[in-house]
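Since the structure comes first, as structure tokens, the remarks are kept for the end.
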Amino acid sequence: MDYRRFGNTIIARMDKGEEILEQVKEIALREKISLASVQALGAVDQFTVGVFKTEEKEYLANEFQGSFEIVSLTGTINTMHDEFYCHLHMSAGNEKGEVFGGHLNRAVISATCEMVIHVIDGKVDRYHDEEIGLNLFRF
Numbered sequence: 001m002d003y004r005r006f007g008n009t010i011i012a013r014m015d016k017g018e019e020i021l022e023q024v025k026e027i028a029l030r031e032k033i034s035l036a037s038v039q040a041l042g043a044v045d046q047f048t049v050g051v052f053k054t055e056e057k058e059y060l061a062n063e064f065q066g067s068f069e070i071v072s073l074t075g076t077i078n079t080m081h082d083e084f085y086c087h088l089h090m091s092a093g094n095e096k097g098e099v100f101g102g103h104l105n106r107a108v109i110s111a112t113c114e115m116v117i118h119v120i121d122g123k124v125d126r127y128h129d130e131e132i133g134l135n136l137f138r139f
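Just so we're aligned: 62 in UniProt numbering is position 62 of the sequence shown, and the numbers increase by one with no gaps anywhere.
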């Protein structure tokens, strides 16, 4: 992984074999990011995405392996209890044009991932909402 910072924008290149969430965390900690938006594209050969079932208050995870292009990767970097927190969603398509996506749990890069991180001046922490079962923004 390599990246450059231009003011409040970070342009990152993640490389084959690297796991996306690990690399986002490394950048966020190194750059002391407490609030940012994330967008990316690239290619992965392994990924796990989930869907939150509201009534059961649990995620259902789906694992994929093969050749996939990241169609969309978007989300936020912020904090929870003043510690790094990242919330990303990803959609990826296969050679048939089928697209799978959801809450990103894990993704291993097969070629490259090009990411843009827009750092936002400020801080938004999270808290766990027992009624909903999710970690929500606290303003």
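Just so it is clear, CB atoms sit at the ideal spot from N, CA and C, and this is done for glycine as well.
query: Is the beta carbon of R5 sitting closer than 8 angstroms to the one on E31?
result: yes
query: Span of the beta strand (DSSP E) holding V119?
result: 99-119
task: Pull up the CB-CB distance for V49 and G101, whole angstroms please, since I reckon it's below 8 angstroms.
output: 6 angstroms
- prompt: Do you know offhand how far F84's Cα is from L104's?
  reply: 16 angstroms
- prompt: Name the DSSP beta bridge partners of S72, please?
  reply: S91
- request: Out of F52, G122, E131, L136, point me to the one whose CA is closest to I33's CA.
  value: G122
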